[in-house]
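The next block holds one structure in the form of structure tokens; read it before the comments.
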Amino acid sequence: MVWSSLIIRPVITCNGNCIGCPWTSSSIERNILPVQIFNRLYKLIRDYSFDESIILCPNPYLHPKIKYFIHKLRDLSGKVYVLLPIKHVRNLTKDLVNDIDEFVMVTSNYIELFNEEKYIKALLSHGVENFSIYLALKTIDINIENILSSINICRKYGLKLRIGEIPYSYIYVLDLQRFLIERGYEVSLPYGYLYGYRAYTAYIDDYRVTILTKPLREECRKLYLDSIGRLYKCPFLSEYIDLTNDTISIGVIRKIMFSDCPIKYRLQDYIPAINISLVTTDGKIIPKDILELLEVLMHTKSFRTACELLGYKPSTYIEKIHSLEKRIGFKLIVTNRGGHKRGITLLTPEALRLLEKYKVIREYISKKMFEGKYRNFII
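Sequential numbering from 2 applies to the sequence shown in the working numbering.
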């Protein structure tokens, strides 16, 4: 049976400030999906049972309309999920999460997750466990440190971690499955669907995570309702019907829902990939693979583990590191040979400064890329 999803975006903008999200805004949106429009759709489709309903970033969540939508979606679907920016975890209470199957806390980096750690701990201490963390990656140039640091926090509290694209925001395909397999991680065959995405299980740093990718199948059963009453096949398409029109029938809605997905024809779209190397003042190049290795090494403090996580051969890369150190004239790593820290590999102060420069540049370019400013970078 084909999986079916009903997606609701009750507000047009969100003040979650997730990096790269096109829906972000500095203010709280006051115009929320009118109840009468929602009820019109509800009456037309109430005889159909969806596998899941997803509410995308309601803002503010405490608005009484949101609770009403959740209550009605219970009648229409087997599961109800609510996606919220991680910063809103501090506003949640036990009574607010009882009516849904899972709150999905969306974050673009582990620093946001770390900043909200005490609120996550407070929820758990009050018996609230029906929530997960969604690490939303904004570029195909995936930051391994971001993933590993997020896993560390989730492991600490036993949280479910999902990794995918910024939810329903961009048309391009972020091929996480291939990225992980190429680096030697264990990724399962797809086991089902979650939040309308194809779901895979992966083990990263010995922690079980869920990888989410676009389904890209002809047989797709989705409906997407936006905040002003436009009903689409899915958030990635531009064709819609206007639910403010009183003449809309269930036949028209069925035609949308059971139509083939045209997204599969857009797999050849091209997107920029970030590839950064640094150059010393005398022209010595520090390549991207070494910078990535230093970044992961700062996290793992084990050269072998860092290489394994990146899919690098340790013997090859220790030679590359030593060769580069000779060319640039300073050490990048030091390994403790004795004592209780025996075997630990650390970055030198020079390497830490180098890495910080690399991360600042990468974040700047990534941000500009998703603002559509592909030219005339000024760093």
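Cβ atoms here follow ideal geometry from the backbone N, Cα and C, with glycine treated the same way.
Residue range of the unbroken alpha helix (DSSP H) whose run includes residue i
{"i": "R222", "result": "Run containing R222: none in the alpha helix (DSSP H); it sits in the beta strand (DSSP E), 222 to 226."}
{"i": "L175", "result": "Here L175 belongs to no alpha helix (DSSP H), and DSSP marks it neither H nor E."}
{"i": "E118", "result": "118 to 126"}
{"i": "G41", "result": "Residue identity check: residue 41 is Arg in the sequence provided, not Gly. Unbroken alpha helix (DSSP H) run through R41: 36 to 46."}
{"i": "L97", "result": "95 to 98"}
Per-residue burial, residue i [other beta carbons within 10 Å of its own, 16 or more giving buried]
{"i": "V12", "result": "buried"}
{"i": "E1", "result": "Since the displayed the chain opens at 2 and closes at 380, residue 1 lies outside it and no answer follows."}
{"i": "Y69", "result": "exposed"}
{"i": "P216", "result": "buried"}
{"i": "L190", "result": "exposed"}
{"i": "R163", "result": "buried"}
{"i": "P1", "result": "What is shown of the chain runs 2 to 380, which leaves residue 1 out entirely."}
{"i": "T14", "result": "buried"}
{"i": "N60", "result": "buried"}
{"i": "D227", "result": "buried"}
{"i": "V3", "result": "exposed"}
{"i": "E146", "result": "buried"}
Paired residues, beta bridge with residue i - DSSP
{"i": "I134", "result": "M106, L162"}
{"i": "T317", "result": "Per DSSP, none; premise fails for T317."}
{"i": "L85", "result": "M106"}
{"i": "Y204", "result": "E187, R209"}
{"i": "L279", "result": "I287"}
{"i": "G193", "result": "A200"}
{"i": "K80", "result": "E53"}
{"i": "V3", "result": "Looking at the DSSP assignment, V3 forms no beta bridge with any residue, so it has no partner."}
{"i": "V335", "result": "L347"}
{"i": "T214", "result": "R199"}
Unbroken beta strand (DSSP E) run spanning residue i, endpoints
{"i": "F51", "result": "51 to 57"}
{"i": "I251", "result": "Where I251 is concerned, there is no enclosing beta strand (DSSP E), although the alpha helix (DSSP H) it sits in stretches over 251 to 258."}
Cβ separation of residue i and residue j, assumed to be a contact under 8 Å, to the nearest whole Å
{"i": "I291", "j": "K321", "result": "7 Å"}
{"i": "A307", "j": "L294", "result": "6 Å"}
{"i": "G165", "j": "L177", "result": "7 Å"}
{"i": "E296", "j": "L356", "result": "6 Å"}
{"i": "N110", "j": "Y62", "result": "In fact, because the Cβ distance is near 22 Å, the residues do not count as touching under 8 Å."}
{"i": "S78", "j": "E53", "result": "6 Å"}
{"i": "V188", "j": "I212", "result": "7 Å"}
The region 311 to 320 in contact with the region 343 to 363 per 3-pair CB rule at 8 Å: no
Three CB pairs or more closer than 8 Å across the region 117 to 134 and the region 92 to 107: yes
The region 83 to 90 in contact with the region 33 to 52 per 3-pair CB rule at 8 Å: no
Segment contact, 8 Å Cβ cut-off, at least three pairs: the region 228 to 244 with the region 202 to 212: no
Stretch pair the region 150 to 159 + the region 192 to 199: three plus CB contacts closer than 8 Å: no
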